Amino acid sequence: WRGSYNELSNLIATSPDSRLYFYVFNHAEDFSSKNVALFKALGLSVIVSVNTAHYQLDLAQKKGSAHVKEMLRIGVNGIQLDAVYEPVFRRETSRLTKMN
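Numbers 9 to 108, taken from my numbering, label the letters of the sequence shown in order.
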């Protein structure tokens, strides 16, 4: 699902089983802790895309790495990422696992 929260909320209100067939997917820039919590409260998984093509070339590593950290911090269910971000993903997930 790449539409708005309101559109999805209305769809689920009129067709509750629709939540079984959707997950929320978009770029990291499109998510905040608030809307992640709202989507998850509807019973949906939130999957974020972090890819080098989303960023200006000279900022791709820095911005993408920051987005990986932020998305994990706010509790997304998964991240679809380019391999260049895998080291930061592994470090952060290891760190978060140790904290819990």
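Beta carbons: idealized from backbone N, C-alpha and C, even for Gly.
From a predicted model like this one, the values you see are computed outputs, not experimental measurements.
- DSSP places S73 in the uninterrupted alpha helix (DSSP H) bounded by A68 to I82.
- Counting only residues of its own chain and dropping the five nearest sequence neighbours on each side, Y31 has a CB closer than 8 Å to the CB of W9, L52, S53, V54, I55 and N85.
- Straight-line measurement puts the Cα of V58 at about 6 Å from the Cα of G72.
- Secondary structure at L89: strand, using DSSP grouped into helix, strand and coil.
- Across the structure, Q88 and Y13 are spaced so that their CA atoms are roughly 21 Å apart.
- Boundaries of the beta strand (DSSP E) around S57: V54 to V58.
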